[in-house]
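Everything on this sheet refers to the single structure shown next.
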Amino acid sequence: MLAIEGDVKGVQLRAVTERAVTAVRDTTLTRSEAARTGRGIIAELPGFRTGDALASAVLTAAAPQRMAVYDRRVQYALDTLGLPLTPTLGRYGRYLQLLDDLLHHGGAHADGWTARDIDTALYWTGRPNPAPSC
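Under our numbering, the letters of the sequence shown match residues 41 to 174, in that order.
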């Protein structure tokens with residue numbers, strides 16, 4: 041009986057994951073809509089209901105050219121830069137919209153950049169107490 045229960049959970053995991061991957065890869069949706077949809081789907085899984093860090097890493101692995109990782113270092117960098125992103129429901133979709141706005145605002149300076157490039161820059165900017173440069 042236990043093996044059957046585990047198999048059912050595995051099937052459910054694959055089904056939810058497949059739907060989330062399909063959502064974030066859907067180029068008919070804007071990046072923020074895809075992020076919001078994928079995040080909503082993956083929230084069906086245990087451990088993904090709250091907090092966006094783990095979910096964003098999974099969604100970014102599924103669509104690295106479209107999605108971006110969100111974590112506390114990114115939030116710290118956004119706060120430092122005066123770019124508001126509240127922790128209310130839908131934060132991951134709003135985060136991707138913010139990254140799209142930054143990419144658009146950058147114009148020619150952002151040519152070739154992806155949301156993932158910006159999230160990496162924010163991650164390094166959000167380091168607590170960086171070592172002084174010599």
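For each residue, glycine too, the CB sits at the ideal point set by N, CA and C.
Nothing here was measured: the structure is a model prediction, and the numbers come from that model.
| message | Which residue marks the beginning of the alpha helix (DSSP H) containing GLN115, and which one marks its end? | response | Taking the first residue of the sequence shown as 1, we reach residue 115 at position 75. From DSSP, the alpha helix (DSSP H) with GLN115 extends over 112-120.
| request: Assuming GLY130 contacts ARG76 (C-beta within less than 8 Å), just tell me the rounded distance between them. | output: Against the sequence shown, residue 130 aligns to sequence position 90. Against the sequence shown, residue 76 aligns to sequence position 36. Cβ-Cβ separation between GLY130 and ARG76: approximately 6 Å, consistent with a contact (criterion under 8 Å).
| Under the three-state reduction of DSSP, which class applies to ARG167: helix, strand or coil? | Here residue 167 refers to the residue found at position 127 of the sequence shown. Residue state, collapsed to three classes: coil.
| query | CB-CB under 8 Å to VAL56, same chain, minus the five flanking residues each way: which ones, in chain order? | reply | Looking up residue 56 in the sequence shown gives position 16. Shown here for VAL56: same chain residues with a beta carbon closer than 8 Å to its own, the five before and five after excluded, namely ILE81, ILE82, GLU84, LEU85 in chain order.
| By DSSP, does THR128 sit in helix, in strand, or in coil? | As a position in the sequence shown, residue 128 is number 88, starting the count at 1. The answer is coil: DSSP assigns THR128 none of H, G, I, E or B.
| task | Look at the alpha carbon of THR62 and the alpha carbon of GLY78, and state the distance between them as a whole number of angstroms. | result | On the sequence shown, residue 62 is found 22 positions in, with the first residue counted as 1. On the sequence shown, residue 78 is found 38 positions in, with the first residue counted as 1. Across the structure, THR62 and GLY78 are spaced so that their CA atoms are roughly 8 Å apart.
| task | Would you mind reading off the limits of the alpha helix (DSSP H) that contains GLY78? | result | Here residue 78 is taken as the residue at index 38 of the sequence shown, counted from 1. Residues 71-82.
| task | State the CB to CB distance for the pair LEU120 and THR165, rounded to an integer number of angstroms; the pair is presumed to be in contact (CB under 8 Å). | result | Taking the first residue of the sequence shown as 1, we reach residue 120 at position 80. Taking the first residue of the sequence shown as 1, we reach residue 165 at position 125. In the sequence as displayed, the identity of residue 120 is Thr instead of Leu. About 7 Å separates the two Cβ atoms, so the contact holds.
| said: Restricting to Cα atoms, I'd like to know which of PHE88, ASP157, ARG106 is closest to THR68. | reply: On the sequence shown, residue 68 is found 28 positions in, with the first residue counted as 1. Checking every option, the nearest Cα to that of THR68 belongs to ARG106.
| Roughly how many angstroms separate the alpha carbons of GLY98 and LEU143, rounded to a whole number? | In the sequence shown, the residue the question calls residue 98 occupies position 58. In the sequence shown, the residue the question calls residue 143 occupies position 103. The sequence given here has Val at residue 98, not Gly. Spanning the two alpha carbons is a distance of roughly 22 Å.
| task | Starting from THR100, trace the alpha helix (DSSP H) both ways and give me its first and last residue. | result | Start at 1 with the first residue of the sequence shown, and residue 100 comes out as number 60. Note, THR100: alpha helix (DSSP H), 93-102.
| message | One question on the structure: do ALA108 and ALA155 come within less than 8 Å of each other, judged by their Cβ atoms? | response | Position 68 of the sequence shown, counted from the first residue, corresponds to residue 108. Position 115 of the sequence shown, counted from the first residue, corresponds to residue 155. In this structure, ALA108 lies near ALA155, with their beta-carbon atoms less than 8 Å apart.
| said: If contacts are defined as beta-carbon pairs under 8 Å, then TYR163 and TYR132 qualify, I think. What distance do you get, rounded to the angstrom? | reply: Locating residue 163 in the sequence shown gives position 123, counting from the first residue. Locating residue 132 in the sequence shown gives position 92, counting from the first residue. 15 Å between Cβ atoms; not a contact.
| field | Three-way DSSP call (helix, strand, coil) for ARG106 in this model | value | The count along the sequence shown starts at 1 and reaches residue 106 at position 66. Correct three-state label for ARG106: coil.
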